[in-house]
């Protein structure tokens, strides 16, 4: 992969071991997907619930968070997906103190890294919607679909380590939906009616999703009258 001077400095460890770890991960991902280089991103969104992280993931975050502030803090606005526990309703939900303790440790590590604990999967409505042509690194499938199709922004679905790496480096591998070639329609759907309720929109989306088949499909929908709301 082609790297610029700043990216080479990160890879060499000149900006600290945390950013070195992050960009090494991104290079591996980029090489797997055939990316030629890295693209600057303006914001990142991490799926970071402890059910996914587990003890090993939280311990890894704590290791990163122990480094000096200038080495560990994210370089771009970075936020989180919903948590896996509810401190106020833990008893009713049957969530144990072990689960809550793991969550507290994860939150503490994220905060030390400068990550905002927004705990939302609708950041395009509640935090900061991306704009047309903006390259971002989002880690929730719904957020990615909305950002690409409605906002005209550019993001792949970023796994947890990849989204965190994007926050730490301000970069992501330039492949997939960051490229014009992957944003061309692959399927065309014509509808003769316009949904009016959330259930109807959900049914139409489910049908199109099943027919489209895979992650790289880009459906175009014709026949919708007017513009639907953000919900």
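In my numbering, the protein residues as written are 220 to 450.
The beta-carbon is built from N, C-alpha and C at its ideal position, and this holds for glycine as well.
On a predicted model such as this, the values are computed, not experimentally measured, just so you know.
Whether or not the segment 353 to 360 and the segment 262 to 277 are in contact is what I'm after, with contact meaning three or more pairs of Cβ atoms, one per stretch, closer than 8 Å; do they touch? yes
Quick check on DSSP: helix, strand or coil for residue 256? Residue 256 sits at position 37 when you count from the first residue of the chain shown. DSSP places residue 256 in strand when its eight states are reduced to three.
CA-to-CA distance, residue 398 to residue 442, given in whole angstroms: Reading the chain shown from its first residue, position 223 is the one you call residue 442. Reading the chain shown from its first residue, position 179 is the one you call residue 398. Approximately 27 Å, taken between the alpha carbons.
Mind checking who residue 407 pairs with in its DSSP beta bridge? Position 188 of the chain shown, counted from the first residue, corresponds to residue 407. Paired residue(s): 439.
Bounding residues of the beta strand (DSSP E) (the contiguous stretch that carries residue 263): Within the chain shown, numbered from 1, the residue matching residue 263 stands at position 44. That run of the beta strand (DSSP E) goes 263 to 265.
Which one or two residues does DSSP pair with residue 298 in a beta bridge? For the purposes of this step, residue 298 is taken as residue 79 along the chain shown, with counting starting at 1. Answer is 264 and 335.
Compare the beta carbon distance of residue 401 and residue 260 with 8 Å and say whether it is the shorter of the two. On the chain shown, residue 401 is found 182 positions in, with the first residue counted as 1. On the chain shown, residue 260 is found 41 positions in, with the first residue counted as 1. It is not a contact, given that the beta carbons lie outside the stated cut-off.
For residue 390, write down the residues that DSSP places opposite it in a beta bridge. As a position in the chain shown, residue 390 is number 171, starting the count at 1. DSSP, once it has assigned bridges, lists 259 as partnering residue 390.
Please classify residue 418: is it buried, with 16 or more other beta-carbons within 10 angstroms of its beta-carbon, or exposed? Along the chain shown, read from residue 1 onward, the residue named residue 418 stands at position 199. By the neighbour-count rule (16 or more Cβ atoms within 10 Å), residue 418 is not buried but exposed.
Taking the Cβ atom as the reference point for each residue, do residue 325 and residue 280 lie within a distance shorter than 8 Å? Looking up residue 325 in the chain shown gives position 106. Looking up residue 280 in the chain shown gives position 61. Yes, these two residues count as a Cβ contact at 8 Å.
Under the three-state DSSP convention, the category residue 306 falls into: Walking along the chain shown from the start, residue 306 turns up at place 87. Of the three classes helix, strand and coil, the one that applies to residue 306 here is coil, per DSSP.
Distance check for residue 422 and residue 340, CA to CA, integer angstroms please. Looking up residue 340 in the chain shown gives position 121. Looking up residue 422 in the chain shown gives position 203. One C-alpha to the other measures close to 20 Å.
Option in 308, 363 and 220 with minimal Cα separation from residue 253: For the purposes of this step, residue 253 is taken as residue 34 along the chain shown, with counting starting at 1. Out of 308, 363 and 220, 220 has the C-alpha closest to the C-alpha of residue 253.
Under the three-state reduction of DSSP, which class applies to residue 500: helix, strand or coil? Only positions 220 to 450 of the chain appear in the structure, and residue 500 is not among them; the question remains open.
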